[in-house]
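Residues in the sequence shown are numbered from 1 upward in steps of one, following full-length UniProt numbering. Note that beta-carbon positions come from the ideal geometry of N, C-alpha and C, so glycine has one too.
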Amino acid sequence: MRSIVLSGFMATGKSTVGARLSARLGVPFVDTDAVITKAAGKSIPEIFRDDGEAAFRARELEVARSLLLDGTPRVIAFGGGTVTSREVRHLALERAIVVTLAARPETIVARAGDTSGRPNLMAPDPAARVRHLLESRAAAYAECHATLQTDDVDADALVDAIVHLAQRDPIVVPLGERTYVVDVTLDDPARVTDALARLAPSSLLVVTDAHVERARGRALEAALHPLTLPQTRVSLPPGEEQKVLPTVGTIWDAGLGAGIDRNAAVVAFGGGVVGDLAGFAASTLLRGIDCVQIPTTLLSMVDSSVGGKTGFDHPVGKNVIGSFHQPRAVVVDLAHLTTLPEREIACGMAEVVKIAAIADAPLLDAIEAAGELSARTLDRLVPIVRGAILAKVRIVRDDEREAGQRVLLNFGHTLGHAIEANGRYSRYRHGEAVALGTVLELVAGAKLGLTSPELVTRVRTLLERLHLPTHIDPAELSASFRFLGSDKKRRGGSIRVPFATTAGQSHVQDITSEKLRWAVTE
1 MRSIVLSGFM ATGKSTVGAR LSARLGVPFV DTDAVITKAA GKSIPEIFRD DGEAAFRARE
61 LEVARSLLLD GTPRVIAFGG GTVTSREVRH LALERAIVVT LAARPETIVA RAGDTSGRPN
121 LMAPDPAARV RHLLESRAAA YAECHATLQT DDVDADALVD AIVHLAQRDP IVVPLGERTY
181 VVDVTLDDPA RVTDALARLA PSSLLVVTDA HVERARGRAL EAALHPLTLP QTRVSLPPGE
241 EQKVLPTVGT IWDAGLGAGI DRNAAVVAFG GGVVGDLAGF AASTLLRGID CVQIPTTLLS
301 MVDSSVGGKT GFDHPVGKNV IGSFHQPRAV VVDLAHLTTL PEREIACGMA EVVKIAAIAD
361 APLLDAIEAA GELSARTLDR LVPIVRGAIL AKVRIVRDDE REAGQRVLLN FGHTLGHAIE
421 ANGRYSRYRH GEAVALGTVL ELVAGAKLGL TSPELVTRVR TLLERLHLPT HIDPAELSAS
481 FRFLGSDKKR RGGSIRVPFA TTAGQSHVQD ITSEKLRWAV TE
């Protein structure tokens, strides 16, 4: 099991809940404030007085890092300001389950009692001081696996909730107060039920397509049936060719016709096309309503459902119109893959190999070592899917709107999208086009002296083992270059192209389309 970190303001119950939780789980309980005061030989007020707050925060960082990195499962109570350190916060989210305990300012002041030993409460109006600090720390406290109110809740009930959360083991996409979690599971429709119940929408606008509804409709019904909510269903024709503005209009019409309000939620139940269309519709309906992504293809599980990119195609190119609209929750249930043809599983693996090549060398090793990866080996796929999502989250959390490093996620897509558009979105599946683009961009990087030749061979071999295309007819490639003019990463006469250097390492470089054309010629 992973460690469990209890975060939140002072006097929210971290020590009480932590002690009971450690007893329940049979693991040690550590209070970081106690560790600091023992090492310093003086109280926290004395550390603040003698050394200053900066010195105290440095000690917090050192203690938190040592506890999180040594691999021993623990229950750890953080001090009230520990997660204001971005480094600590993100390390904790990757290495532990982080639970923020919260309480009303009045409750906190009453529990704190004598404020003389509380440096942050030494103010004429302690409750006002608490409100100010809570507001200033709101974004940091929100970046967690769950927030639990402790005002009028029994400690044992809180322990029960935390144990259940640890069993779910969701992945956090930390984006301040828009933070959300990704549940990765296998054949558990109740995860969707629970995610929607936590959101508590006024009604649901469910968007799917005819193929998904026929193949996985029973799982969707099992998830939605326990919810006593008004529901409107939109079942779209399947296929990339539906990813156009008139289809978005169909979703708009259904939602507005049903009289949805701003507390409604769009549920995207399908692959990347459904997810992108439903997400864009959610971003624009009533100027933006909540969206929950339930991806049903491997490609959408590891890529399009996480990160908030939405949009649709235009005759000049793929995904050139859209918006950033983060979901409120994502539920990845690999049981949906059992009804997919193996070609679709392979397409999803193209995105997994892509992100491993640019950002996660251990994940690339894991894919190579996993052997067969198909709908018949879902137990092997679960950790691969989790790894791919985590790799993407690390990039998205640092660059949500693609102002910098998030461009790396377009590796393989500069040429992949052009190939896809040239084939009118029907000759190749998206993942197949990405596989071709990945190999071509690796070849280009090697010719430019940016990419290790060994990585080119390694990735090409892996993609071929996964039954993905790695060679394209030169005439077809040449015809695809006309679509680079509509690439979203274009800046004047250049395109921002991600290049893998060695396994798990990459950078972005501006390059003209002419130079790229030259470089892809083997």
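Cα-Cα separation, residue i to residue j
i: I289; j: T228; result: 20 Å
i: G437; j: V459; result: 12 Å
i: L390; j: I171; result: 7 Å
i: E53; j: T82; result: 12 Å
i: K318; j: A268; result: 20 Å
i: E213; j: R376; result: 22 Å
i: Y428; j: D169; result: 36 Å
i: G303; j: I47; result: Here residue 303 is Asp; the residue named in the question, Gly, does not match the sequence. Using only the alpha carbons, I get a separation of about 46 Å.
i: E241; j: I511; result: 30 Å
i: H430; j: L381; result: 20 Å
i: H336; j: P295; result: 8 Å
i: L93; j: V497; result: 30 Å
i: L408; j: A418; result: 17 Å
i: A128; j: T107; result: 12 Å
i: I36; j: A55; result: 11 Å
i: L277; j: G423; result: 21 Å
i: A356; j: L334; result: 20 Å
i: N410; j: I321; result: 16 Å
i: E344; j: V159; result: 41 Å
i: R2; j: Q293; result: 26 Å
i: A388; j: D125; result: 48 Å
i: S136; j: V130; result: 10 Å
i: Q149; j: A11; result: 12 Å
i: P226; j: T193; result: 7 Å
i: L204; j: V173; result: 23 Å
i: P469; j: L463; result: 7 Å
i: P237; j: H211; result: 8 Å
i: G41; j: F280; result: 56 Å
i: G249; j: L256; result: 10 Å
i: V396; j: T310; result: 14 Å
i: R111; j: R24; result: 24 Å
i: F324; j: G308; result: 5 Å
i: P453; j: A346; result: 24 Å
Those residues which DSSP pairs with residue i across a bridge
i: L236; result: D209
i: I97; result: I4
i: A265; result: L204, D290
i: Q405; result: DSSP, once it has assigned bridges, lists no residue as partnering Q405.
i: G308; result: G308 pairs with nothing; no bridge assigned.
i: G322; result: G311
i: D510; result: R496
i: A102; result: Q149
i: G416; result: None, per the DSSP bridge assignment.
i: G270; result: P295
i: V172; result: V181
i: Q231; result: L204
Assigned exposure category for residue i - 16 Cβ within 10 Å defines buried
i: G493; result: exposed
i: residue 537; result: Nothing can be reported for residue 537, as the shown portion of the chain is limited to 1 through 522.
i: M349; result: buried
i: L340; result: buried
i: V316; result: exposed
i: K243; result: buried
i: L245; result: exposed
i: R482; result: exposed
i: E514; result: exposed
i: H471; result: exposed
i: T297; result: buried
i: H164; result: exposed
i: D33; result: buried
i: S22; result: buried
i: G259; result: exposed
beta-carbon residue i near the ligand COA non-hydrogen atom, thresh 7 Å
i: A264; result: Of the ligands one can find in the structure shown there are none, so the ligand COA has no counterpart to examine.
- Continuous beta strand (DSSP E) assignments of at least 3 residues falling wholly in the segment 27 to 94: 29 to 31, 75 to 77
- Message: Which runs of the beta strand (DSSP E) at least 3 residues long sit entirely within the segment 175 to 205? Give them in chain order.
- Response: 180 to 185
- Message: My parser needs the beta strand (DSSP E) runs of 3 or more residues fully inside the segment 105 to 170; what are they?
- Response: 146 to 149
- Is it true that the segment 357 to 369 meets the segment 125 to 142, where meeting means three or more beta-carbon pairs spaced less than 8 Å apart? no
- What are the complete alpha helix (DSSP H) segments, minimum 4 residues, inside the segment 311 to 385? 342 to 359, 361 to 369
- Message: Between the segment 441 to 451 and the segment 500 to 520, can you find at least three pairs of beta-carbon atoms closer than 8 Å?
- Response: yes
- Message: With three or more beta-carbon pairs closer than 8 Å as the criterion, would you say the segment 324 to 333 touches the segment 190 to 202?
- Response: yes
- Query: For the 8 Å Cβ check, are there 3 or more pairs between the segment 2 to 13 and the segment 91 to 105?
  - Reply: yes
- So does the segment 18 to 30 actually touch the segment 68 to 77, counting three or more Cβ pairs closer than 8 Å? yes
- Query: Along the chain, which unbroken stretches of the alpha helix (DSSP H) at least 4 residues long are found entirely within the segment 418 to 484?
  - Reply: 430 to 447, 453 to 465, 474 to 480
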